Amino acid sequence: MPVNYKETESAMNMESPSELEKIEIQLLLEGIYQYYGFDFRNYVPASIRRRIWYRIQAERLDSVSGLQEKVLHDPSAMARLFSDFSIRVSEMFRDPEFFGFFRKTIVPFLKELPFIRIWHAGCSTGEEVYSMAIILYEEGLHHKTKIYATDMNEELLIKAKEGVYSLDKMQAYRDNYLTAGGSEGLAMFYDVRKDKAVFHSFLTRNVIFAQHNLATDHSFNEFHVIICRNVLIYFDKVLQNRVHKLFYESLCMSGILGLGSKEDIAFNDYSHCYEPFIPEQKIYRKVR
């Protein structure tokens with residue numbers, strides 16, 4: 000069952016955190032970084048606070064310091080907190096206009112390339128990766144494309160690689176697919192097994208699923224397209240700038256960067272290196 004952080008927020012003290020609580024949270028995040036190597040120190044404070052308090056309540060603890068003691072001495076508790084910190088919200092062809100513009104505007108540019116490398120950063124459970132693979136297949140580009148699908152959470156990557164989703168979601172996904180310009184029929188890409196839709200393995204034949212942490216890891220290839228949608232909104236300005244540096248170093252010249260609807264290229268050290276390609280869909284081209 001997905002975590003309802005809004006309910007958690009209403010259950011916790013909605014006043015601004017005290018100075019003591021701020022110190023406790025800083026010590027918790029620093030301890031996690033020093034001991035486990037996971038860096039959440041530059042996530043948006045309000046968002047990370049909600050997740051911390053959800054885990055405090057779930058573990059039947061009373062304070063942030065109590066949670067710190069538990070996660071530093073109990074790796075299974077750290078695994079549960081790590082899962083809370085992971086970004087899990089995803090769906091196929093989410094914001095279908097984005098994928099529609101990608102099909103109509105970016106695909107012709109990609110057709111001119113002999114080989115295509117695409118990076119889906121923060122892919123979660125993989126719905127947008129399968130969406131992209133379907134577009135590439137329908138547009139005749141699947142055979143010459145390598146997609147790198149990464150996330151910091153290995154558990155989510157396993158689910159993404161399996162490509163098994165609830166059948167209840169398929170109607171909404173079909174609607175998104177059609178709005179995004181789909182023509183073949185989404186059902187041709189999966190089999191129905193009981194209450195699950197199991198996507199065909201040929202879609203991920205050219206997909207590499209790999210663990211990668213945007214907060215700590217470095218560039219690992221040069222890409223023609225980087226898709227990172229609705230991830231940066233959870234990062235503060237320091238971490239956002241770090242990630243934009245990573246993306247800039249990873250994009251080839253004239254490469255395409257696609258962000259989420261609430262994200263922007265402005266106000267970071269690399270904003271002048273891009274020009275709007277489809278600004279209303281937060282799609283940019285690297286120009287310098």
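The end of the sequence shown is residue 287 by numbering that gives the first Met the number 0, with every number in the run present. We put the beta carbon where it would ideally sit given N, CA and C, even for glycine. Just so we're clear, the structure is a prediction, and the values are computed from it rather than from any experiment.
Subject >> Beta carbon of Ser270 nearer than 7 Å to that of Ile277 >> reply: No. Outside cutoff.
Subject >> Exposed unless 16 or more other CB atoms sit within 10 angstroms - verdict on His223 >> reply: His223 is buried by the Cβ-count criterion.
**OP:** Whole angstroms is fine: what's the gap from Met169's alpha carbon to Ala196's?
**Re:** A direct Cα-Cα distance of roughly 8 Å separates Met169 from Ala196.
Subject >> Close Cβ partners of Val43 (< 7 Å) along its chain, the five nearest in sequence each way excluded >> reply: Closer than 7 Å at Cβ, skipping near neighbours: Tyr233, Phe234 and Asp235.
Subject >> Under the three-state DSSP convention, the category Glu8 falls into >> reply: Per-residue confidence for Glu8 stands at a pLDDT of 47, beneath the threshold of 50, marking its modelled position as unreliable; the derived number appears in the next sentence. Helix.
Original post:
Looking at the structure shown, is Pro1 part of a helix, part of a strand, or coil, going by DSSP?
Top reply: Bear in mind that a pLDDT of 49 at Pro1, under 50, signals an unreliable position, so the number given afterwards is only what the model happens to contain. Note: Pro1 maps to coil in three-state DSSP.
Original post:
Which one or two residues does DSSP pair with Pro275 in a beta bridge?
Top reply: According to DSSP, Pro275 bridges with Tyr283.
Original post:
Below 8 Å, can you find three or more Cβ-Cβ pairs linking the stretch 144 to 157 to the stretch 207 to 218?
Top reply: Yes, the stretch 144 to 157 touches the stretch 207 to 218.
Original post:
Can you tell which of Asn220, Ser218, Val242 and Asp174 has its C-alpha closest to the C-alpha of Phe98?
Top reply: Minimum Cα distance to Phe98 is reached at Asp174.
Original post:
Is DSSP giving Asp190 helix, strand or coil here?
Top reply: In the structure shown, Asp190 sits in a strand (DSSP, three-state: E or B).
Subject >> Residue closest to Asn152, alpha-carbon to alpha-carbon, out of Ser82, Tyr283, His72 and Gln280 >> reply: Among Ser82, Tyr283, His72 and Gln280, the Cα nearest to that of Asn152 belongs to Ser82.
Subject >> DSSP-derived helix/strand/coil call for Met252 >> reply: Strand, per DSSP.
Original post:
Thinking just about the alpha-carbon of each residue, which of Gly139, Gly257 and Val237 is nearest to the one in Ile225?
Top reply: Comparing Cα positions, the closest option is Gly257.
Subject >> Residue closest to Pro95, alpha-carbon to alpha-carbon, out of Val106, Ser130 and Cys122 >> reply: Proximity to Pro95 across Val106, Ser130 and Cys122 peaks at Ser130, based on C-alpha coordinates.
Original post:
For Cys227 versus Tyr247, is the C-beta distance shorter than 7 Å?
Top reply: In this structure, Tyr247 does not lie closer than 7 Å to Cys227 by Cβ.
**OP:** Using beta-carbon positions only, say whether Ile24 and Val63 come within less than 7 Å of one another.
**Re:** Yes.
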